[in-house]
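This note's numbering numbers the first residue of the sequence shown as 27 and each following residue consecutively. Positions of the beta carbon are idealized from the N, C-alpha and C atoms, including for glycine. These figures come from a predicted structure and were not determined experimentally. Reading through the structure tokens given below for one structure.
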Amino acid sequence: MENELKIALVQSNLVWENPEQNRINFSNKINSIAEPVDIIILPEMFTSGFTMNAKANAESMTGDTISWMQQLAKQKHTAITGSVIIEENNTFFNRLLFAHPDGQIDSYDKRHTFTLAGEDKVYRAGENISLINYKGWTIKPLVCYDLRFPVWARNVENYDLVFYVANWPKVRIAAWDTLLKARAIENMSYCIGVNRVGLDGNNYDYSGHSAAYNVLGERLDTIPFNKEAIAIVTLEKEHISKYRKKLGFLKDGDRFTLE
27 MENELKIALV QSNLVWENPE QNRINFSNKI NSIAEPVDII ILPEMFTSGF TMNAKANAES
87 MTGDTISWMQ QLAKQKHTAI TGSVIIEENN TFFNRLLFAH PDGQIDSYDK RHTFTLAGED
147 KVYRAGENIS LINYKGWTIK PLVCYDLRFP VWARNVENYD LVFYVANWPK VRIAAWDTLL
207 KARAIENMSY CIGVNRVGLD GNNYDYSGHS AAYNVLGERL DTIPFNKEAI AIVTLEKEHI
267 SKYRKKLGFL KDGDRFTLE
């Protein structure tokens with residue numbers, strides 16, 4: 027078990043519906059990270075942008091992007107994560123992939139498809155919560171619109187970190203800022219959100235606001251708004267255990283069953 031986990035938040039523009047160019051761009055960004063890190067987090071649909079044109083941009087679980095993630099994770103001795111469009115049996119998923127340095131792939135299918143954009147008409151919603159065990163840390167991965175549903179994120183598994191990858195537009199960015207901080211506080215967990223910047227193919231504007239919070243809701247990063255940037259934060263197990271033991275809020279939570 028490692029007491030510290032060092033994470034790189036990659037806040038980036040995305041080339042609309044161009045997986046190959048996005049892989050090239052992210053290779054350059056990842057190669058620019060000079061210090062060793064344990065996890066590199068990329069945005070939602072990082073190979074295409076938040077498109078409903080799934081057929082033209084989908085890949086399989088043996089496709090180019092997964093191979094790219096595995097090779098780069100092995101080369102850099104770090105985990106790499108973000109969501110991409112995956113097709114299985116003529117069904118499309120907005121699937122978060124977590125590539126371990128040894129080539130193992132963990133995945134999570136976005137539970138809350140964004141009805142306002144018609145995502146529910148194109149992509150099948152995930153049914154299962156996923157937990158990732160990595161370097162002695164228990165991690166819950168979630169995607170964008172999941173952030174608005176606190177029951178789905180509720181820390182009944184005693185996880186250490188919850189993170190969200192997103193294409194969250196500038197027009198509603200105040201909600202993103204508020205809810206990320208709330209998820210950290212209510213779950214007594216580190217909470218990280220990685221959002222994109224720039225204009226997409228539908229002319230929606232994204233301002234980033236990627237962030238990392240500790241269990242008290244204190245901001246850990248200084249990543250700038252409205253532009254590409256990489257922030258590196260260090261998480262500490264001792265911080266979690268200290269405040270969970272001292273405050274004990276999780277044990278006082280309501281019990282419930284998800285349906």
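Assigned secondary structure, residue i (DSSP; H/G/I helix, E/B strand, else coil)
i, result
"Glu183", "coil"
"Thr107", "strand"
"Thr117", "strand"
"Asp278", "helix"
"Leu142", "helix"
Close-in-space but distant-in-sequence residues of the same chain around residue i (CB under 6 Å, 5 per side omitted)
i, result
"His126", "Ala105"
"Phe140", "Tyr171"
"Gly152", "Asp135, Lys136, Arg137"
"Lys100", "Pro127"
Opposing strand residues paired with residue i [DSSP bridges]
i, result
"Glu264", "DSSP, once it has assigned bridges, lists no residue as partnering Glu264."
"Ile258", "Ala34"
"Arg245", "Tyr239"
"Asp135", "Arg121"
"Tyr269", "BP columns for Tyr269 are empty, so no partner."
Own chain partners of residue i with C-beta closer than 8 Å, once the 5 adjacent residues on each side are dropped
i, result
"Trp202", "Leu173, Ala192, Trp194, Gly219, Asn221, His235"
"Ile266", "Asp186, Met214, Ser215, Tyr216, Val241"
"Ser58", "Ile256"
Sub-8 Å separation of residue i and residue j beta-carbons
i, j, result
"Thr248", "Lys32", "no"
"Tyr185", "Thr164", "yes"
"Ile131", "Ile92", "yes"
"Pro167", "Arg209", "no"
Contacting residues, own chain, Cβ-Cβ under 7 Å from residue i (five flanking each side not counted)
i, result
"Val148", "Met78, Ala80, Phe118"
4-residue-minimum alpha helix (DSSP H) runs that sit fully inside the segment 44-97, ordered along the chain: Complete alpha helix (DSSP H) runs here, min 4: 45-57, 80-83.
Quick check on the DSSP output: what are the complete beta strand (DSSP E) runs of length 3 or more inside the segment 151-238, in order along the chain? Here the runs fully enclosed are 158-160, 163-169, 187-192, 216-221, 223-225, 231-233.
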